[in-house]
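Residue numbers (the working numbering): 42 to 175. Ideal placement from N, C-alpha and C gives every residue a C-beta, glycine not left out. Computed from a prediction, not measured in an experiment: that's the story for all the values here. Working notes, beginning with the structure itself.
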């Protein structure tokens with residue numbers, strides 16, 4: 042994989058992780074029952090971005106975990122903030138646990154990409170130093 046492609050994937054994954062953080066924030070808003078109609082729209086937008094970016098990531102990388110099904114299941118369990126606000130504490134904790142597993146898996150993948158990025162940088166540096174082309 043080229044360094045340019047790895048760089049692009051790292052940026053994309055970091056953006057995706059920010060959406061996952063926002064998803065967790067909205068779960069907490071629902072738990073506290075402190076959200077507005079505008080928050081519902083933003084929550085739907087975050088879910089849309091997560092789902093679309095998931096397809097891009099899965100197409101670019103061979104991702105074993107998290108699975109697309111794991112993510113779709115979690116997203117489907119949260120149709121809206123009002124729905125979440127009416128869930129029991131145990132259900133919300135279950136969602137948070139699933140969210141956390143997915144979030145950690147994505148963090149691990151970003152770490153793997155950064156290792157590949159460093160490896161490619163080293164190859165490019167050594168190639169340039171010794172007059173080799175990538």
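- The Cβ-Cβ distance between residue 154 and residue 139 does not fall below 7 Å.
- With three or more CB-CB distances shorter than 8 Å, the region 49-66 counts as touching the region 88-103.
- For a cut-off of 8 Å, the C-beta gap from residue 111 to residue 145 is around 12 Å, too long to register as a contact.
- Shown here, residue 121 sits in coil according to DSSP, grouped into three states, outside any helix or strand.
- According to the DSSP assignment, residue 94 belongs to the alpha helix (DSSP H) that extends over 78-101.
- If you ignore the 5 residues before and after residue 90, its C-beta comes within less than 7 Å of the C-beta of 60, all in its own chain and listed in chain order.
- The continuous alpha helix (DSSP H) containing residue 62 extends over residues 44-73.
- Taking the Cα positions, residue 136 is about 9 Å away from residue 65.
- When the alpha-carbon of residue 148 is set against those of 42, 44, 50 and 43, the nearest one is in 50.
- Residue 107 counts as buried, since at least 16 other C-beta atoms from the protein chains shown sit within 10 angstroms of its C-beta.
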